[in-house]
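Protein sequences, first through last, are from chains A and B. Its first residue numbered 24, the first sequence is counted upward by one per residue in this note's numbering. Its first residue numbered 8, the second sequence is counted upward by one per residue in this note's numbering. Working notes, structure below.
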Amino acid sequence: MPVIETDFAAGGTQRKGLFDELVAELNAPQSSGQPVVEIRKMSRDGLRHVHVIWDKWDGCPPERRASIIRDAFIAAKGAEYEKSIAITIAATVPEAQDAGLLPFEVKPSRRSTYDLTARHKAYQVLLDEGASPLGTAWHPLLAFANPEQAEDAVRRLKIAAPEFEWGVVEIRPSLN
Amino acid sequence: MPRFLPDRFAVECVREFERAADERHADATRLADAGRRTGAIYLYGYVVEVLLKAAFLRLAGHADDEPISIGVLWGYVGQKPTSMARSFGLPGAKNLHDLVAWAELLVAYRASRPALVYPDSWFGKVLARNVLVVSQRWTEGLRYHKNVAYEHELVAVRTACKWLFDRRTEL
């Protein structure tokens with residue numbers, strides 16, 4: 024039987040790629056798209072919760088995601104800042120929606136997308152906005168933590184693709 | 008018109024959990040002393056559950072009076088890939104009353120943060136052992152059954168719960 028030895032950095036190339044991209048995002052945040060990094064300051068002891076919503080977590084085991092986030096925060100913001108992070112949540116967009124973190128979904132109305140060419144355009148503008156193609160719907164999943172963020176996206180989409188009717192739908196996930 | 012009991016509940020938060028643990032521990036002890044063994048175990052189990060939840064919520068940074076939703080609890084101990092339990096390689100809980108899942112999460116979380124490691128290395132092991140003692144003899148489904156617990160079962164649960172209750176600020 025072969026003996027295979029791995030180390031903590033198992034999955035090295037994937038880990039390094041995610042780490043580098045996350046550090047770059049923390050150092051120079053983009054105005055839209057992924058990853059979405061939400062830093063929530065808690066009321067006790069200056070602690071923080073960090074959510075990183077990112078389709079690139081797909082295929083990365085849950086137990087590796089947290090260490091990538093913590094290492095990226097050390098690199099971008101320093102060790103003291105990282106110590107203030109009590110909780111990390113790393114999720115793809117569909118996982119985050121399933122966990123109830125992104126209850127406000129933005130999508131085109133069904134009647135405005137019967138035409139195949141129109142569907143392609145809707146697909147592309149949603150991707151440009153940071154939507155996830157990992158879900159099961161015909162269109163990428165664009166979802167947000169609060170209604171204000173969703174309405175902002177609707178405004179941008181109405182400019183990018185005014186031929187569609189864009190709307191916000193609140194999704195209630197199963198909790199467990 | 009006076010409000011009914013559920014209408015007088017305070018918001019569910021760390022402080023309310025801690026006070027509820029005090030109250031249910033006193034209730035359980037009265038039942039145990041009166042020989043109502045199954046009823047006592049039923050309440051001791053909830054005491055342990057609430058103590059573990061309050062301990063983890065404090066570590067996670069929730070203020071004493073911050074409302075805690077069911078979704079927040081699932082986010083910590085659930086089985087979804089986004090849960091804290093899963094981020095430690097733990098299986099997570101199918102049920103929010105899963106005492107062992109809460110204890111595993113608490114011990115793993117402390118072990119992962121140098122500033123939060125228990126001062127004595129045995130503490131986490133004894134904590135886990137005491138939670139296991141209770142979880143083997145308790146389920147929230149007890150209320151549906153007429154069985155009378157043995158004296159030795161009550162002694163085991165009472166002793167384990169007391170260990171956790173006496174150290175509730177150190178968990």
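Glycine included, every Cβ here is placed at the ideal spot set by N, Cα and C. Bear in mind that the values here come from a model prediction, so they are computed numbers and not experimental data.
| query | Should the region 75-95 of chain A be called in touch with the region 77-85 of chain B, which here means at least 3 C-beta pairs below 8 Å? | reply | no
| message | DSSP three-state label for residue 31 of chain A, please. | response | Position 8 of the first sequence, counted from the first residue, corresponds to residue 31 of chain A. Residue placement at residue 31 of chain A is flagged as unreliable, the pLDDT there being 49, under the threshold of 50; the coordinate-derived value follows with that caveat. Here residue 31 of chain A sits in coil by DSSP.
| message | Could you compute how far the alpha carbon of residue 97 of chain B sits from the alpha carbon of residue 168 of chain B? | response | Locating residue 97 of chain B in the second sequence gives position 90, where the first residue counts as 1. Locating residue 168 of chain B in the second sequence gives position 161, where the first residue counts as 1. C-alpha separation (whole angstroms): 24 Å.
| Does the distance from the C-beta atom of residue 179 of chain B to that of residue 15 of chain B stay below 8 Å? | Since the first and last residues shown for chain B are 8 and 178, residue 179 of chain B lies out of range.
| task | Determine whether the Cβ of residue 102 of chain A lies closer than 8 Å to any Cβ atom of chain B. | result | Start at 1 with the first residue of the first sequence, and residue 102 of chain A comes out as number 79. Chain B, which has no Cβ nearer than 8 Å to the Cβ of residue 102 of chain A, makes this no.
| Inter-residue Cα distance where the pair is residue 153 of chain A and residue 166 of chain A | By one-based count along the first sequence, residue 153 of chain A stands at place 130. By one-based count along the first sequence, residue 166 of chain A stands at place 143. The alpha-carbon atoms of residue 153 of chain A and residue 166 of chain A are separated by roughly 9 Å.
| said: Which residues in chain B have a C-beta closer than 7 Å to the C-beta of residue 121 of chain A? List them in chain order. | reply: Translated into the one-based positions of the first sequence, residue 121 of chain A becomes position 98. Within 7 Å Cβ-Cβ: 87.
| task | Using 7 Å as the cut-off, classify the Cβ of residue 188 of chain A as near or not near the heavy atoms of the ligand FMN, replying yes or no. | result | With respect to small molecules bound, the structure shown includes none, and the ligand FMN cannot be examined in it.
| message | Please state the DSSP three-state secondary structure of residue 128 of chain A. | response | To locate residue 128 of chain A, count along the first sequence from 1; it is residue 105. In the structure shown, residue 128 of chain A sits in a strand (DSSP, three-state: E or B).
| said: Would residue 205 of chain A and residue 114 of chain A qualify as a contact pair, given that the criterion is a beta-carbon distance under 8 Å? | reply: Nothing about residue 205 of chain A can be read from this structure; chain A reaches only from 24 to 199.
| field | Interface residues of the region 103-116 of chain A facing chain B [CB-CB below 8 Å] | value | 106, 109, 110, 111, 112, 113, 114
| Just the Cα atoms here: how many angstroms apart are residue 126 of chain A and residue 117 of chain A? | Locating residue 126 of chain A in the first sequence gives position 103, where the first residue counts as 1. Locating residue 117 of chain A in the first sequence gives position 94, where the first residue counts as 1. Straight-line Cα distance between these residues: approximately 11 Å.
| Within the region 54-103 of chain A, ranges of the beta strand (DSSP E) (whole runs, at least 3 residues) | 59-64, 71-76
| At a Cβ threshold of 8 Å, is residue 68 of chain A touching chain B? | On the first sequence, residue 68 of chain A is found 45 positions in, with the first residue counted as 1. Cβ-Cβ to chain B under 8 Å: yes for residue 68 of chain A.
| Buried versus exposed, by CB contacts within 10 Å (16 or more), residue 31 of chain A | Locating residue 31 of chain A in the first sequence gives position 8, counting from the first residue. No answer about residue 31 of chain A holds up, because its pLDDT of 49 lies below 50 and its placement is not dependable.
| task | Tell me whether residue 148 of chain A sits in a helix, a strand or coil according to DSSP, three-state version. | result | Taking the first sequence and counting its residues from 1, the one referred to as residue 148 of chain A is at position 125. Residue 148 of chain A: helix per DSSP, three-state reduction.
| message | Can you look up residue 73 of chain B in the DSSP assignment and give me helix, strand or coil? | response | Numbered from 1 along the second sequence, position 66 holds the residue referred to as residue 73 of chain B. Residue 73 of chain B: coil per DSSP, three-state reduction.
| Reduced DSSP secondary structure (H/G/I, E/B, other) of residue 109 of chain A | Numbered from its first residue, the first sequence carries residue 109 of chain A at position 86. DSSP places residue 109 of chain A in strand when its eight states are reduced to three.
| query | If you follow the beta strand (DSSP E) that residue 166 of chain A is part of, which residue opens it and which one closes it? | reply | By one-based count along the first sequence, residue 166 of chain A stands at place 143. Its beta strand (DSSP E) spans residues 165-167.
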